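Engineer: I am attaching a structure below and will ask some questions about it afterwards.
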Amino acid sequence: MTRYRPFRQKRSYGLAAALIILALGLTYLSLPRVQTARSLFSAALYPFQYSASAVWHFGVGLPGELLNLRRLAAENTGLKERVARQEAQLGVLAELQGENDRLRDELGLVRSARFGGKLLAVPVVGRSGSPWPGVLEIGRGRRSGVRVNMPVVAQAGLVGRVSEVAELSAKVLLISDPLSAVAAVDQRSRDLGVIEGYSPDTLYLRYIGTGGDVQAGDRIVTAAVSSIFPAGIPLGTVTSATKADADLFYRIAVKPAVELGRLDTVFLVF
Amino acid sequence: MRGLKYLVLVLGILIAQHVILPRLSFLGVTPDLVLVAVIIYSVLGQETPATVFAAVLAFGQDLYARGGYWNMVLKILISAVISNFKAEFMGDEYALAALLVMVISPLYLLAELLVMTLLLDRQVSLAYAAIKLVAGTIYNLLLVPLLFPLLKELANADR
Numbered sequence: 071m072t073r074y075r076p077f078r079q080k081r082s083y084g085l086a087a088a089l090i091i092l093a094l095g096l097t098y099l100s101l102p103r104v105q106t107a108r109s110l111f112s113a114a115l116y117p118f119q120y121s122a123s124a125v126w127h128f129g130v131g132l133p134g135e136l137l138n139l140r141r142l143a144a145e146n147t148g149l150k151e152r153v154a155r156q157e158a159q160l161g162v163l164a165e166l167q168g169e170n171d172r173l174r175d176e177l178g179l180v181r182s183a184r185f186g187g188k189l190l191a192v193p194v195v196g197r198s199g200s201p202w203p204g205v206l207e208i209g210r211g212r213r214s215g216v217r218v219n220m221p222v223v224a225q226a227g228l229v230g231r232v233s234e235v236a237e238l239s240a241k242v243l244l245i246s247d248p249l250s251a252v253a254a255v256d257q258r259s260r261d262l263g264v265i266e267g268y269s270p271d272t273l274y275l276r277y278i279g280t281g282g283d284v285q286a287g288d289r290i291v292t293a294a295v296s297s298i299f300p301a302g303i304p305l306g307t308v309t310s311a312t313k314a315d316a317d318l319f320y321r322i323a324v325k326p327a328v329e330l331g332r333l334d335t336v337f338l339v340f
Numbered sequence: 016m017r018g019l020k021y022l023v024l025v026l027g028i029l030i031a032q033h034v035i036l037p038r039l040s041f042l043g044v045t046p047d048l049v050l051v052a053v054i055i056y057s058v059l060g061q062e063t064p065a066t067v068f069a070a071v072l073a074f075g076q077d078l079y080a081r082g083g084y085w086n087m088v089l090k091i092l093i094s095a096v097i098s099n100f101k102a103e104f105m106g107d108e109y110a111l112a113a114l115l116v117m118v119i120s121p122l123y124l125l126a127e128l129l130v131m132t133l134l135l136d137r138q139v140s141l142a143y144a145a146i147k148l149v150a151g152t153i154y155n156l157l158l159v160p161l162l163f164p165l166l167k168e169l170a171n172a173d174r
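In structure tokens:
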């Protein structure tokens, strides 16, 4: 009696398996040639990214702005006044900074990292999409003097740091990325913690213990202990601080100072 | 000529994913055009071209990201699984592609949330997770009617 065997075409998973092993190898081996390939790829894609970004701006963004000319004029006047006020304050702050440096030198304290005084405006030309939306691509690279770990800020506060540099562009790791961690301090209570990324709208301030005094509404800024970020850059505002009896640390949610999902221009800190 | 079409399509998908779609994000959710393209092409195309297409697209997506190539691993797996089981399916390819996007999208987002909680020790709120799963799936489904005709033309040229 003939045994009936249902026909099923043989599948070969060799190619899929080989590609998966290649991907895992690229992830864990950190080969220099892969970094070079990434840089070359970024350089090759940059003209297309920039063009698409420009088309979007002029095709969608600009017409919308032109319809709001009156609002733009009022905003322009307000911004000019604000610049004038802040320029006047800069002189006073420079004096205070000098005094602070002199006093720290006299006490034998190490000077904290601070702004070198130079900010470079750069356009945002892309961002990593789902499932990891924590990386921006900016339109300046090695040729413009961009280096890894350079702080990136916006008008309202800290955006992140440069994580990778190509010839014409660079990648910025946002503070909202789950892999980001920034030393932070509560400006009112001076409690020291770490801001960790969660989502574009929420950060978490961790390692504030039972002795801490962090309340909703407190301003969180970068701490002087950071070797990458100058002290005092706004990170966000506390929205809630809760702690269960059994917890060692507070669970503190922070709303970012910068609207990280709406960035078109950022500033590199030199 | 066919190679040029593939190149233009891959480039277009990567540029759209990383330049245009992030500006259309809602509550921090951006559609995953690459995932939808991989699913649709795996349904329409033959096994080897579908695997290579998934690998190239996901590799490009990972080059935009931080340094790991997890998109590449996951999307090749998805392509391989779909290619394995689609032969048993008797029905409309469009319906199959839409159904797979509806099923795989939340699983993919769930995998991301699990990595955040288990590996990165982030506490994820249920409300945030639910919004991300639902919004992400709906967003991806909206891309199916846009991508399906484009990829069908390419897949038919391969047969």
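Residue numbers (the working numbering), protein chains in the order written: chain X, 71 to 340; chain S, 16 to 174. Beta carbons: idealized from backbone N, C-alpha and C, even for Gly. All figures in this text were calculated on a predicted structure; none of them were measured in a lab.
(1) Report the rounded CA-to-CA distance for residue 285 (chain X) versus residue 322 (chain X), giving the unit in angstroms.
(2) Skipping 5 residues on each side, what residues in its chain have a beta carbon closer than 8 Å to that of residue 37 (chain S)?
(3) For residue 122 (chain X), return the contacting residues in chain S, with the cut-off set at a CB-CB distance below 7 Å.
(4) Among X:106, X:119, X:298, X:113, which has the Cα closest to the Cα of residue 34 (chain S)?
(5) Based on the DSSP secondary-structure assignment, which residues constitute the bridge partners of residue 326 (chain X)?
(6) For the segment 17-24 of chain S against the segment 233-241 of chain X, do three or more pairs of beta-carbon atoms, one drawn from each stretch, fall closer than 8 Å, so that the two count as touching?
(7) Taking a cut of 7 Å between CB atoms, which residues from the segment 144-170 of chain S lie near chain C?
(8) CB residue 196 (chain X) to CB residue 246 (chain X), shorter than 8 Å?
(9) In chain X, which residues lie less than 8 Å from residue 43 (chain S) when you measure between Cβ atoms?
(10) For residue 298 (chain X), report the span of its alpha helix (DSSP H) as first-last.
(11) Measure the alpha-carbon distance for residue 25 (chain S) versus residue 262 (chain X) and round it to whole angstroms.
(12) Which residues of chain S have a Cβ atom closer than 9 Å to the Cβ of residue 340 (chain X), listed in chain order?
(13) With DSSP as the reference, identify every bridge partner of residue 273 (chain X), one or two as the case may be.
(14) Taking the straight line between their C-alpha atoms, what separation do you get for residue 277 (chain X) and residue 60 (chain S)?
(15) Does any CB atom of chain X fall closer than 8 Å to the CB of residue 142 (chain S)?
(16) Could you give the distance in angstroms between the alpha-carbon of residue 116 (chain X) and the alpha-carbon of residue 28 (chain S)?
(17) If you measure beta-carbon to beta-carbon, which residues of the segment 66-85 of chain S are closer than 9 Å to chain X?
(18) Give me the Cα-Cα distance between residue 235 (chain X) and residue 216 (chain X), rounded to the nearest whole angstrom.
(19) Would you say residue 248 (chain X) reaches chain S, if we count a Cβ-Cβ gap shorter than 8 Å as a contact?
(20) Assign residue 208 (chain X) to buried or exposed, taking buried as 16 or more other Cβ atoms, counted over all protein chains shown, within 10 Å of its Cβ.
(21) In whole angstroms, what separates the C-alpha of residue 230 (chain X) from that of residue 324 (chain X)?
(22) Based on the DSSP secondary-structure assignment, which residues constitute the bridge partners of residue 117 (chain X)?
(23) Should residue 86 (chain X) be flagged as near chain S, meaning a C-beta pair shorter than 8 Å?
(24) With 8 Å set as the bound, which would you pick, yes or no: does the beta-carbon of residue 110 (chain S) sit closer than that to a beta-carbon of chain X?
(25) Give a yes or no on whether the C-beta atoms belonging to residue 331 (chain X) and residue 98 (chain S) are separated by under 8 Å.
(26) Using DSSP with H/G/I as helix, E/B as strand and the rest coil, what is residue 87 (chain X)?
(27) Return the chain-ordered list of same chain residues with a C-beta closer than 7 Å to the C-beta of residue 75 (chain X), the five sequence neighbours on each side being excluded.
(28) Residue 105 (chain S) CB to nearest chain X CB: under 8 Å?
(29) Can you tell me where the alpha helix (DSSP H) with residue 132 (chain S) in it begins and where it stops?
(30) May I ask you to list the residues that DSSP assigns as paired with residue 255 (chain X)?
Structural biologist: Well, looking at it:
(1) Locating residue 285 (chain X) in the first sequence gives position 215, counting from the first residue. Locating residue 322 (chain X) in the first sequence gives position 252, counting from the first residue. Approximately 9 Å between the Cα atoms of the pair.
(2) Within the second sequence, numbered from 1, the residue matching residue 37 (chain S) stands at position 22. Once the five neighbours on either side are set aside, the close Cβ partners of residue 37 (chain S) are 45.
(3) Counted from its first residue, the first sequence places residue 122 (chain X) at position 52. Residues of chain S passing the Cβ test: 30, 34, 35.
(4) In the second sequence, counting from the first residue as 1, residue 34 (chain S) sits at position 19. Considering only alpha carbons, the answer is X:119.
(5) Translated into positions along the first sequence, residue 326 (chain X) becomes position 256. Paired residues: X:306.
(6) no
(7) Looking at the structure shown, chain C is missing, and the protein chains on hand are X and S.
(8) Taking the first residue of the first sequence as 1, we reach residue 196 (chain X) at position 126. Taking the first residue of the first sequence as 1, we reach residue 246 (chain X) at position 176. In this structure, residue 246 (chain X) does not lie closer than 8 Å to residue 196 (chain X) by Cβ.
(9) Along the second sequence, one-based indexing puts residue 43 (chain S) at 28. Within 8 Å Cβ-Cβ: 203, 269, 270, 271, 331.
(10) For the purposes of this step, residue 298 (chain X) is identified with residue 228 of the first sequence, where counting begins at 1. Segment: none, residue 298 (chain X) is in no alpha helix (DSSP H) and carries neither H nor E.
(11) Residue mapping note: residue 25 (chain S) aligns to position 10 of the second sequence, counting from 1. Residue mapping note: residue 262 (chain X) aligns to position 192 of the first sequence, counting from 1. Spanning the two alpha carbons is a distance of roughly 46 Å.
(12) For the purposes of this step, residue 340 (chain X) is taken as the residue at position 270 of the first sequence. What residue 340 (chain X) touches in chain S: nothing, since even the nearest Cβ is about 24 Å away.
(13) Counting from 1 along the first sequence, the entry for residue 273 (chain X) is found at position 203. Partner(s): X:267, X:324.
(14) Here residue 277 (chain X) corresponds to residue number 207 of the first sequence, with the count starting at 1. Here residue 60 (chain S) corresponds to residue number 45 of the second sequence, with the count starting at 1. So the alpha carbons of these two residues sit roughly 51 Å apart.
(15) Against the second sequence, residue 142 (chain S) aligns to sequence position 127. No, residue 142 (chain S) lies away from the interface with chain X (no Cβ there is under 8 Å from its Cβ).
(16) Residue mapping note: residue 116 (chain X) aligns to position 46 of the first sequence, counting from 1. Residue mapping note: residue 28 (chain S) aligns to position 13 of the second sequence, counting from 1. Rounded to whole angstroms, residue 116 (chain X) to residue 28 (chain S) spans 15 Å at the Cα level.
(17) 66, 67, 69, 70, 73, 74, 75, 76, 77, 78, 79, 80, 81, 82, 83, 84, 85
(18) Mapped onto the first sequence, residue 235 (chain X) falls at position 165. Mapped onto the first sequence, residue 216 (chain X) falls at position 146. Looking at the two C-alpha atoms, the distance is approximately 7 Å.
(19) Here residue 248 (chain X) refers to the residue found at position 178 of the first sequence. Closer than 8 Å: yes.
(20) Translated into the one-based positions of the first sequence, residue 208 (chain X) becomes position 138. Burial call: buried.
(21) Here residue 230 (chain X) is taken as the residue at index 160 of the first sequence, counted from 1. Here residue 324 (chain X) is taken as the residue at index 254 of the first sequence, counted from 1. Roughly 15 Å separates the two Cα atoms.
(22) Working through the first sequence from its first residue, we reach residue 117 (chain X) at position 47. BP columns for residue 117 (chain X) are empty, so no partner.
(23) The sequence position of residue 86 (chain X) within the first sequence is 16, counting from 1. Judged by the 8 Å Cβ criterion, residue 86 (chain X) is in contact with chain S.
(24) Position 95 of the second sequence, counted from the first residue, corresponds to residue 110 (chain S). Cβ-Cβ to chain X under 8 Å: no for residue 110 (chain S).
(25) Here residue 331 (chain X) refers to the residue found at position 261 of the first sequence. Here residue 98 (chain S) refers to the residue found at position 83 of the second sequence. Going by C-beta atoms, residue 331 (chain X) is not nearer than 8 Å to residue 98 (chain S).
(26) For the purposes of this step, residue 87 (chain X) is taken as residue 17 along the first sequence, with counting starting at 1. It is helical.
(27) Position 5 of the first sequence, counted from the start, is the residue given in the question as residue 75 (chain X). With a pLDDT of only 49 at residue 75 (chain X), under the threshold of 50, the placement of this residue in the model should not be trusted; the figure read from the coordinates follows. So no residue of the chain qualifies.
(28) By one-based count along the second sequence, residue 105 (chain S) stands at place 90. So no, residue 105 (chain S) is outside the interface.
(29) As a working mapping, residue 132 (chain S) is identified with position 117 in the second sequence. Taken as a continuous stretch (DSSP letters only), residue 132 (chain S) belongs to no alpha helix (DSSP H), as it is neither H nor E.
(30) Counted from its first residue, the first sequence places residue 255 (chain X) at position 185. DSSP lists X:262, X:291 as partners of residue 255 (chain X).
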